[in-house]
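Residue numbers (this note's numbering): 115 to 175. Take a look at the structure below.
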Amino acid sequence: MSVDLGLPMPPLPQLAPRRKSRQIKVGSVLVGGDAPVSVQSMTTTKTADVNATLQQIAELT
């Protein structure tokens, strides 16, 4: 809940402009530039426990 005190709102802060980065290849994965963000992780569950493993995978997204 917000209360209007009749005071002017401060301007929203502006983000600094992003600088263009070079795209490089790390193994077969493109990094930087316009490449999408890549995530690599390991699960800590026993792979036989499919439901727990899928739960950990879902938590990454």
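Backbone N, C-alpha and C fix where the C-beta goes; we use that ideal spot for every residue, glycine too.
Along the chain, where does the alpha helix (DSSP H) containing V164 start, and where does it finish? As a first step, residue 164 is located in the sequence shown; it is residue number 50 there, counting from the start. That run of the alpha helix (DSSP H) goes 164-174.
Apart from the five residues just before and just after T161, which ones in its own chain have a Cβ nearer than 8 Å to its Cβ? Along the sequence shown, one-based indexing puts residue 161 at 47. Excluding sequence neighbours, T161 sits near T167.
Compute the Euclidean distance between the alpha carbons of V117 and M123, then round it to the nearest angstrom. The residue given as residue 117 occupies position 3 in the sequence shown. The residue given as residue 123 occupies position 9 in the sequence shown. It is roughly 12 Å from the alpha-carbon of V117 to the alpha-carbon of M123.
Short check: CB of T171 to CB of T157, under 9 Å? Locating residue 171 in the sequence shown gives position 57, where the first residue counts as 1. Locating residue 157 in the sequence shown gives position 43, where the first residue counts as 1. It is Ile, not Thr, that sits at residue 171 in the sequence shown. In contact: I171 and T157 (Cβ atoms closer than 9 Å).
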